[in-house]
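Peer 1: I have a structure here, written as structure tokens, and I will follow up with some questions on it.
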Amino acid sequence: MHRNIYEQALTVFSNCHGGTGDLPHCELFAGKEFDAPIHFFNYTTLPPGCSIGDHPHQNDQEIYILLSGTGVMTLDGKEVPVCAGSVTVNRPYGTHGLKNTGTEDMRVLVLEVGCGE
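In my numbering, the protein residues as written are 1406 to 1522.
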């Protein structure tokens, strides 16, 4: 499988998980395309000031890979500064959110993997 993130059609998520703003987004690969318990592999852009609201997860883990930008990731209520190159793993049954606090777009890859499936 091969796809280029910059060649994918984007949709817009508004106020994602109770966050703020419009987030251009695409699903690079759907879970059904994998032979592993991967739910999705997405590419999302958070413009300055935009956020993904804090939200809970079930028995899965999400991995966030920041390609550009700066901001704050909230992990189970704790704020963690993030920047280009940051990789964050959100634990099963945890809560998390992300806010772009910088002046440039925050570009993010998000991979969600099921646990014990």
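Ideal Cβ positions, reconstructed from N, Cα and C, are used throughout, including at glycine.
These numbers were taken from a predicted model, which means no experiment stands behind them.
With a Cβ-Cβ cutoff of 7 Å, do Thr1479 and Ser1456 count as a contact?
Peer 2: Along the sequence shown, one-based indexing puts residue 1479 at 74. Along the sequence shown, one-based indexing puts residue 1456 at 51. Not in contact: Thr1479 and Ser1456 (Cβ atoms no closer than 7 Å).
Peer 1: Where does His1501 land, buried or exposed, given buried means 16+ other C-beta within 10 angstroms?
Peer 2: Counted from its first residue, the sequence shown places residue 1501 at position 96. The residue in question, His1501, is buried, as its Cβ has 16 or more Cβ neighbours within 10 Å.
Peer 1: What residues in its chain sit with their C-beta under 7 Å from that of Lys1504, if we drop five residues either side in the sequence?
Peer 2: Here residue 1504 refers to the residue found at position 99 when the sequence shown is read from its first residue. Counting only Cβ-Cβ distances below 7 Å, and skipping sequence neighbours, we find Ser1456, Gly1476, Val1477.
Peer 1: Determine, using beta carbons only, whether Asp1465 and Glu1517 come nearer to each other than 7 Å.
Peer 2: Your numbering for residue 1465 matches position 60 in the sequence shown. Your numbering for residue 1517 matches position 112 in the sequence shown. Yes.
Peer 1: Excluding the 5 residues preceding and the 5 following Leu1415 in the sequence, name in chain order all residues of the same chain whose CB lies nearer than 7 Å to its CB.
Peer 2: Taking the first residue of the sequence shown as position 1, residue 1415 is located at position 10. Cβ neighbours of Leu1415 beyond the five flanking positions: Pro1429, His1430, Cys1431.
Peer 1: Compare the C-alpha of Gly1490 against each of Phe1418, Leu1433, Met1511 and name the closest.
Peer 2: Within the sequence shown, the letter at position 85 stands for residue 1490. Considering only alpha carbons, the answer is Met1511.
Peer 1: Going by C-alpha distance, which of Phe1418, His1407, His1422 is nearest Asp1459?
Peer 2: In the sequence shown, residue 1459 corresponds to position 54, counting from 1. Nearest option by C-alpha distance: His1422.
Peer 1: Would you say Leu1503 reaches chain C, if we count a Cβ-Cβ gap shorter than 7 Å as a contact?
Peer 2: This model lacks chain C altogether, as it is built from one protein chain only.
Peer 1: Buried or exposed for Asn1495, please, with buried defined as at least 16 other CB atoms from any protein chain shown within 10 angstroms of its CB.
Peer 2: Along the sequence shown, one-based indexing puts residue 1495 at 90. It counts as buried.
Peer 1: Measure from the alpha carbon of Glu1509 to the alpha carbon of each residue in Ser1473, Gly1521, Pro1442, then state which is nearest.
Peer 2: Taking the sequence shown and counting its residues from 1, the one referred to as residue 1509 is at position 104. It is Ser1473 whose Cα lies nearest to the Cα of Glu1509.
Peer 1: Using a 10 Å radius around the Cβ and a threshold of 16 neighbouring Cβ atoms, would you call Val1417 buried or exposed?
Peer 2: Residue 1417 sits at position 12 when you count from the first residue of the sequence shown. Its Cβ having fewer than 16 others within 10 Å, Val1417 is exposed.
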